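Notes follow the structure.
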Ligand SMILES: Cc1cc2nc3c(=O)[nH]c(=O)nc-3n(C[C@H](O)[C@H](O)[C@H](O)COP(=O)(O)OP(=O)(O)OC[C@H]3O[C@@H](n4cnc5c(N)ncnc54)[C@H](O)[C@@H]3O)c2cc1C
């Protein structure tokens, strides 16, 4: 349902809707509706919405492809923001690839392939937006986003825009400082290397096949837990005999012990219960605490009632999902 744009957002390139189902916007196919959802078409609209949400104390969820996200069954009692329009653009200049934060990694790797640029093949099958991948320094098959990132345009939760070199963003394994700061990745550029196109195409096919063999076909969110230092979460979980374990409609994939699948009708509560069982089993057997890789949204957004377009009050800036 479309809603009237509040005066503070008038003139910005965006669309605002109320009570928007989120389950279909996540790869787990779980979760209730967002109270509001804004699709923003450029950096000015993104900054405007972030500023407006912060001033009104409205909980804000940046939503990419929903491939690393568990939305609560009650939904998101705030505003979900989706990058659209110019923030989906992908362009190649020489050996540099520039992209909006909402562009998919599939679009980036296809543009790189067509331009004869190598570097994104390992990341090509991750069902992510560019912005979501920068935030967590996504990686697979020996490469990660920060191997190639040159700079990123970031927007703070208060709506300030800055472009910074990649080296200015602290990062590590499946983590960057953006996780804590809550800054939004509006765009960025990557440095790639010129290689023969056939070589790139062959590597893309190899990665696609490896992923097809490794991952379940049912709805899932990829790896549920990060690998602990020097080990693999999947190995530990498998050793605990957890493959096939169920809580309601959520199941530890019989194919990959670090993946939870929605085997049919799973709720967010089912997934949370199953995650807790998995963590307890690994803690008991190996004394290791597994840390979630997926973002688990709280059943109610922290400390807030429903957002009221145009309302003012305390700031909602700071870290967030
Ligand atoms: C089948 C499958 C396979 C996967 N394989 C891999 C893999 O090999 N390697 C890997 O690293 N991950 C993998 N993942 C996990 C997931 O794809 C990544 O974590 C991905 O980067 C999440 O991006 P997203 O756009 O879907 O973000 P979402 O899931 O929509 O959001 C995740 C978090 O990122 C935040 N976010 C979203 N967009 C932005 C933005 N523009 N700026 C700042 N924050 C933002 C959200 O607020 C949220 O906190 C896999 C997932 C699936 C379902």
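In the numbering used here, the protein residues as written are 1 to 321.
Every residue, glycine too, gets a C-beta built ideally from N, C-alpha and C.
All figures in this text were calculated on a predicted structure; none of them were measured in a lab.
Those residues which DSSP pairs with residue i across a bridge
i           : result
residue 292 : 225
residue 129 : 104
residue 175 : 172
residue 282 : Its beta-bridge partners do not exist; DSSP assigns none.
residue 68  : Answer by DSSP bridge pairing: none, since residue 68 is not bridged.
residue 260 : 252
residue 324 : Residue 324 lies beyond the residue range present for the chain, which begins at 1 and ends at 321; the question has no answer from this structure.
residue 15  : 39
residue 188 : 99, 152
residue 194 : 117
residue 355 : For residue 355 there is no data in the structure shown, the boundaries of the chain being 1 and 321.
residue 10  : Beta-bridge pairing links residue 10 to no other residue.
residue 21  : 33
residue 92  : 97
As assigned by DSSP and simplified to three states, the class of residue i
i           : result
residue 213 : helix
residue 77  : strand
residue 62  : strand
residue 115 : coil
residue 219 : coil
residue 139 : strand
residue 181 : helix
residue 109 : helix
residue 242 : coil
residue 30  : coil
residue 3   : coil
residue 120 : coil
residue 162 : strand
residue 199 : helix
Test item: CB-CB of residue i and residue j under 8 Å
i           : j           : result
residue 107 : residue 81  : no
residue 128 : residue 109 : no
residue 49  : residue 131 : no
residue 36  : residue 16  : yes
residue 149 : residue 168 : no
residue 337 : residue 69  : This structure does not reach residue 337, given that the chain is present from 1 up to 321, and the question cannot be answered.
residue 220 : residue 28  : yes
residue 223 : residue 151 : no
residue 237 : residue 282 : yes
residue 46  : residue 190 : no
residue 250 : residue 271 : yes
residue 88  : residue 40  : no
residue 161 : residue 5   : no
residue 252 : residue 274 : yes
residue 119 : residue 192 : yes
Exposure label - residue i; buried when at least 16 CB within 10 Å
i           : result
residue 19  : exposed
residue 259 : buried
residue 247 : buried
residue 325 : The structure shown has nothing for residue 325, since the chain only spans 1 to 321.
residue 164 : exposed
residue 301 : Only weak support is given to the placement of residue 301: the predicted model assigns it a pLDDT of 48, under 50, and the value that follows is read from those uncertain coordinates. Buried is the call here.
residue 84  : buried
residue 318 : Any reading at residue 318 must be qualified, since the residue scores a pLDDT of 36, below 50, and its modelled position is unreliable; no value is offered.
residue 58  : buried
residue 122 : buried
residue 113 : buried
residue 176 : buried
residue 287 : exposed
residue 93  : exposed
residue 268 : buried
residue 314 : In this predicted model, residue 314 has a pLDDT of only 27, less than 50, meaning its place in the structure is not dependable enough to derive any value.
residue 102 : buried
residue 231 : exposed
residue 312 : Only weak support exists for where residue 312 lies, its pLDDT of 31 falling under 50; the coordinates are left without a value.
residue 291 : exposed
residue 51  : buried
residue 135 : buried
residue 153 : buried
8 Å Cβ cutoff, residue i in contact with chain B
i           : result
residue 183 : In summary, chain B is missing from the structure at hand, where a single protein chain is found.
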